[in-house]
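Written out below as structure tokens is the structure these notes cover.
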Amino acid sequence: MLRDFCDLDGYDAAASDESVLSHSQALYSAALAGKDDIMVGRYVAACRHYANHVLPRLISGPALAGGVSEIHSNADKIAKSTALAELRRGSTKGTAERTSGDGGDVLLRDLLVAEASTGIHGLPDAADQSAAMGALWSRRGINMRGAGLHAKYYELLVGNPECRNDAGATMRAAFEASHARYVGWFGRSSFGLATRSMHGWDRLCQRPRIGSADGVGDEDIMRGWTSMAFEVVRRMRETQAALNLEDTRKSI
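Residue 13 is where the sequence shown starts when you use the working numbering, and the numbers rise one by one after that.
In structure tokens form, the structure reads like this:
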């Protein structure tokens with residue numbers, strides 16, 4: 013199943029000098045625009061890479077397909093809305109027309125403003141099939157995973173051997189702290205199932221290219237990804253809150 017997902021987009025982890033997690037960090041970092049915005053096309057690409065190459069190295073079994081599908085579903089919502097905004101750009105003046113200046117990539121704030129101007133949302137609730145909803149839930153997923161890696165990094169620093177062997181418990185704690193209030197019974201149960209298929213952190217780092225080749229610097233890799241994750245989350249949260257698109261309803 014790992015190979016099934018990792019062959020989706022032609023990225024060859026074995027041919028790269030970077031760990032998969034380091035490459036993921038670089039992709040998300042490349043999506044940062046200015047001091048407070050996100051380049052949507054690059055963000056979507058980073059999400060898809062995470063789904064195809066990082067997540068399959070963290071969890072396995074039936075829960076993996078659900079996690080990958082959810083990430084791609086949120087990315088699809090953003091990409092579809094971006095395509096519509098680009099179609100309107102030639103005839104519509106205003107915020108949707110301003111781009112990042114790098115490859116014509118639409119900025120998140122501009123996309124959300126343009127989307128809201130169509131009347132798609134029933135504020136304060138965002139439409140389900142919208143970039144706002146895709147951004148909201150993909151952002152929450154990044155926050156939860158970043159919190160999990162942050163917690164694991166701290167545990168490695170303090171040298172708790174029991175924590176090193178239970179990555180699933182760490183991710184469940186991160187879920188409760190960062191994500192659970194937005195998720196209903198079904199989602200909570202599914203996440204619990206997924207994390208119970210995780211191996212100990214030491215064993216996870218031995219999977220192909222999740223950490224460094226020899227285990228040296230794995231803590232720095234985790235710290236780097238976590239720092240990037242929280243910066244992406246901050247920008248997206250502040251943007252959506254400023255536009256009254258911080259939908260607080262629970263999922264199923």
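Yeah, the Cβ is synthetic: ideal placement off N, Cα and C, and Gly gets one too.
Would you mind working out which of the options sits nearest residue i, comparing C-alpha positions?
i	options	result
aspartate 259	His162, Gly134, Leu119	Gly134
methionine 183	Ala159, Val195, Ser201, Ser202	Ala159
arginine 246	His35, Ser129, Asp48, Gln37	Asp48
leucine 269	Gly131, Asn86, Ala185	Within the shown structure, residues of the chain are numbered from 13 to 264, placing residue 269 beyond reach of any answer.
histidine 65	Gly53, His35, Tyr55	His35
aspartate 88	Gln141, Gly46, Val244, Gln37	Gln141
glutamate 82	Ala206, Asp230, Tyr165, Phe242	Ala206
leucine 67	Asp230, Ser209, Ala163, Gly236	Ser209
So, helix, strand or coil for residue i, using DSSP?
i	result
isoleucine 50	strand
aspartate 88	helix
valine 195	coil
aspartate 137	strand
alanine 45	strand
leucine 168	helix
leucine 119	strand
histidine 211	coil
isoleucine 132	coil
glutamate 258	coil
asparagine 177	coil
Let me know if residue i comes out buried or exposed under the rule of 16 or more other beta-carbons within 10 Å of its beta-carbon.
i	result
tryptophan 197	exposed
leucine 257	buried
asparagine 172	exposed
threonine 130	exposed
valine 56	buried
valine 244	buried
Short check: CB of residue i to CB of residue j, under 7 Å?
i	j	result
serine 190	methionine 156	yes
serine 41	methionine 240	yes
alanine 138	serine 93	no
arginine 69	threonine 251	no
leucine 161	threonine 238	yes
glycine 212	asparagine 177	yes
methionine 51	arginine 151	no
alanine 58	leucine 76	no
alanine 97	alanine 126	yes
Would you tell me roughly how many angstroms separate the C-alpha atoms of residue i and residue j, rounded to the nearest one?
i	j	result
alanine 43	alanine 254	20 Å
glycine 180	glycine 78	17 Å
arginine 215	arginine 60	24 Å
arginine 153	aspartate 232	A quick correction: the sequence has glycine, not arginine, at residue 153. Approximately 21 Å, taken between the alpha carbons.
alanine 63	phenylalanine 203	15 Å
serine 201	arginine 54	31 Å
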